[in-house]
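Number 51 in the working numbering belongs to position 15 of the sequence shown; there are no gaps in the numbering.
Shown next, in structure tokens, is the structure this report addresses.
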Amino acid sequence: MTGAGLDALAAAAGSGDAAAMNALLDRVRPVVLRTCARFLEVPEDVEDAAQEALLRIAGTLADRPRAESFRAWMYPVVVNAARQRFRVVHRAEVAGVVPGDLVDPRRTSAIAGSRLDLLSALERLHVRQPRLAEALVYRDMCKLGYEEIADVLGVPLSTVKSRIHDARKHMRADLDLTDTAPPS
């Protein structure tokens, strides 16, 4: 479905058309799940965040500014739901509250541990430089193109590129990633 088709479906759903709402949520569910999976490792956490995002979409769609494309409006809703779930999971781990009898991939995988370090650094960047973090999330986690990010954020393309560059620089410094290639 094209962006215009999705916008038309969202407009109908936002006007109270229940069939359009169901069709819209069915259409965006795979995108919502993929986006949440980029933030969260455990499938149950991904599903919880996606469900919360879909509920927020359905609950606030009527208030969506019509001048804004549905996709541009949807991504911040989904990203915020995923980040909120990540914070809840992270706080529970810090407090030592881990569901019993479950094998937690975050505790058994070096890759998952690195991913959590990356997401924690992203949270710190969001606190210090929210505009930089926002652009980086859309590019590297939501896999949006630069032009699409410019549309979502309502800023020029050059600003998007600058923010992403600066965000990556901050992330490298936070994660202490330097060019440590072995000598030839």
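Where is the CB? At the ideal position from N, CA and C, for every residue including glycine.
Keep in mind that this is a model prediction, so the values were computed, not measured.
The alpha helix (DSSP H) spanning residue i covers which residue range?
i	result
R204	193-210
C72	54-73
V188	182-189
R100	Careful: R100 lies outside any alpha helix (DSSP H) and carries neither H nor E.
E170	166-172
D43	39-50
From residue i to residue j, what does the alpha carbon distance come to, in whole angstroms?
i	j	result
R160	M207	9 angstroms
A46	A56	7 angstroms
A103	A44	12 angstroms
T96	P192	27 angstroms
K205	P112	23 angstroms
A40	P79	32 angstroms
R63	A54	14 angstroms
A209	E83	32 angstroms
R65	L158	25 angstroms
A59	G52	13 angstroms
T195	T71	23 angstroms
A98	D202	35 angstroms
Considering only the alpha carbon of each residue, which of the options lies closest to residue i?
i	options	result
S105	R74, A73, L42	L42
A118	A44, M177, W109, A98	M177
Y174	D153, A157, R199, R164	R199
V163	G181, R123, E183, K179	R123
R107	K197, V188, H126, S194	V188
V115	D99, R102, A86, S194	A86
E88	L69, R100, S194	L69
W109	G190, H126, Y182	G190
G50	S156, P101, T71	P101
V125	A98, D99, S156	S156
K179	V67, N58, L158	V67
L154	R65, L211, G39, R63	L211
With a cut-off of 8 angstroms, does the C-beta of residue i fall near any C-beta of chain B?
i	result
A85	Of the protein chains in this structure there is only one, and it is not chain B.
**Request:** Examine the Cβ distances between the segment 89-97 and the segment 151-171 and report whether three or more of them are shorter than 8 angstroms.
**Result:** no
**Three or more C-beta pairs below 8 angstroms linking the segment 107-124 and the segment 74-81** = Counting C-beta pairs closer than 8 angstroms gives three or more between the segment 107-124 and the segment 74-81, which meets the contact rule.
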